[in-house]
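Numbering of the sequence shown is given in our numbering, commencing with residue 1 and proceeding in unit increments. Yeah, the Cβ is synthetic: ideal placement off N, Cα and C, and Gly gets one too. Inspection log for the structure reproduced underneath, given as structure tokens.
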Amino acid sequence: MRGHTNGVRDKVAELDLLRAIAAISVIIIHITATPLMLGIQGSPYHLAVTLANQFARFSIPAFVFVTGFVLFYNYRDYHSVNWSAYFRKRITYVLVPYFLWSLLYFLFKQYISFREINLTEAWMPFLKALLMGESFYHLYFVVLIFQFYLLFPLVLPLWQRVEKHAGLVTLVIFGLYLAWVAMLFYNIRPWSSPLISFLFKYQGKLFLTWLGFFVLGAYCAGRLSTVRAFLLRWTNWFVLGACALLVAMVAEFYGRIAQPGVIISYAATSIRPLGILFTVVTIMAIIAVALKYLPGSSPLTRFTGKVSGQSYGIYLIHPLVLTFLEVFEGRLGLGYHWWVVLFNLLLCCMISYLGAYLLSRNSWTRHLIGR
């Protein structure tokens, strides 16, 4: 993405590692979802699956953080931004691929559910699925991110006014955000109203549920040199903190599912106070590791750059790959043994990346995967 306020800005290379790990982590969440529910709780296998799943939970808020960072890094001054070009890019590179994949997944879901497709009756359910991000289980995220794209022109002039006090503003907003997450997780409703019911029902799809990470990204973009120096100084502590919080996440997960009536998806979610803290520390740890240990010319840096560049395409494609793998393996009766899960992860990552890469190389198919 290019800015319109300060010319071409330097690439923030450390974001590549964050995007790459987050893209792979999204796949990990979806691959471990079933064994997390069906595995024998407390077994070494289930513990390994839980560790992987809980670590990967940082991925969605990490992408929101990156979105906030990139927007505020590239667009500094409201009056200097070409807003028609801004929205044209988002429509071309985000909404067009989203529409095409939503249609594909909507038809695919009808097919695998053995439903007859009546085109004259299907367009209304499709429009609803399109607006809500429900054509397939992962597409809600695009609806979520686009809310931030729509909000950004409204937020930017406000942010410019308080930029001198960005640290304090970020701290206050994040504190309020953490309180909101606690209310969502513990189902604390201050009053009964249609609005509150809506916010709780669709919490994962609404910008308010992830706003703290968008603001944190904005702060880091505006104080990049300070943040870099801070992370370089405390790299090892952030890594240790992320590891300690991951252990706490797993312990909390097992503690909750031991209670009668607790749904596993509720216990595993990242939308919980401990999950928010873990995600913040993990994001900073990954950026710090990239700054300190990944030189710009290393093979790993080039690899993460390539994966990062295809992260949107990987996100759009991977459920299709995973569904075919699970259907095929189901017919063979392979189950969810550890080697099957690992095989699915490796194959799904490779095919999704290769598919995104090949589609991006052709001018006719480039709009399928955006950027």
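Determine the contact status of residue i and residue j, defining contact as a CB-CB distance below 7 Å.
i: F58; j: T282; result: yes
i: A221; j: Y315; result: no
i: G261; j: D16; result: no
i: Q310; j: A356; result: yes
i: P441; j: Y78; result: Nothing about residue 441 can be read from this structure; the chain reaches only from 1 to 371.
i: G370; j: Y93; result: yes
i: A56; j: I31; result: no
i: V142; j: Y98; result: yes
i: V215; j: T170; result: yes
i: F207; j: F253; result: no
i: L368; j: L100; result: yes
i: L325; j: N344; result: yes
i: Y105; j: F136; result: yes
i: Y111; j: W338; result: no
Please look up how many angstroms separate the CB atoms of residue i and residue j, rounded, as I've assumed it's under 8 Å.
i: F278; j: A242; result: 7 Å
i: I145; j: T67; result: 6 Å
i: G313; j: S265; result: Contact doesn't hold; Cβ gap of about 27 Å is too wide.
i: T50; j: V250; result: 5 Å
i: L139; j: S102; result: 6 Å
i: V321; j: I287; result: About 29 Å separates the two Cβ atoms, so there is no contact after all.
i: L334; j: V340; result: 5 Å
i: F198; j: R189; result: Incorrect: roughly 12 Å between the Cβ atoms, too far for contact.
i: V307; j: A23; result: 6 Å
i: A244; j: W159; result: Rounded, the Cβ-Cβ distance is 33 Å, inconsistent with contact.
i: Q203; j: L184; result: 5 Å
i: L107; j: Y336; result: Actually they do not touch by this definition, with Cβ atoms about 28 Å apart.
i: V133; j: K205; result: Reading the sequence as shown, one finds Gly at residue 133 and not Val. Going by Cβ atoms, the distance from G133 to K205 rounds to 6 Å, so yes, they are a contact pair.
With a 10 Å radius around its C-beta and 16 neighbouring C-beta atoms as the bar for buried, classify residue i as buried or exposed.
i: M284; result: buried
i: G167; result: exposed
i: N372; result: What the structure shows of the chain is the stretch from 1 to 371, and residue 372 is not part of that stretch, so it cannot be assessed.
i: I271; result: buried
i: R19; result: buried
i: P319; result: buried
i: P295; result: exposed
i: F328; result: exposed
i: E14; result: buried
i: V247; result: exposed
i: E121; result: exposed
i: G42; result: exposed
i: S297; result: exposed
i: I196; result: exposed
i: L300; result: exposed
i: V181; result: buried
i: S373; result: This structure cannot settle anything about residue 373, because the visible part of the chain is limited to 1 through 371.
i: I263; result: exposed
i: F65; result: buried
i: R9; result: exposed
i: F303; result: exposed
i: V280; result: buried
i: L36; result: buried
i: I21; result: buried
i: R161; result: exposed
i: I317; result: buried
Establish whether the CB of residue i and some CB of chain C are separated by less than 7 Å.
i: G175; result: Annotation note: the requested chain C is absent from the structure, which comprises a single protein chain.
Give a single yes or no on whether residue i has its beta carbon closer than 6 Å to a heavy atom of the ligand FAD.
i: E121; result: In the structure on display, the ligand FAD does not appear, and there are no ligands present to speak of.
Check: Are three or more beta carbon pairs between the stretch 225–233 and the stretch 281–300 nearer than 8 Å?
Finding: yes
Margin query: For the pair the stretch 265–278 and the stretch 172–186, tell me if three or more CB-CB distances fall below 8 Å.
Written below: yes
Next item on the list: Report yes or no: do three or more beta-carbon pairs, one from the stretch 140–156 and one from the stretch 72–90, lie closer than 8 Å?
Entry: yes
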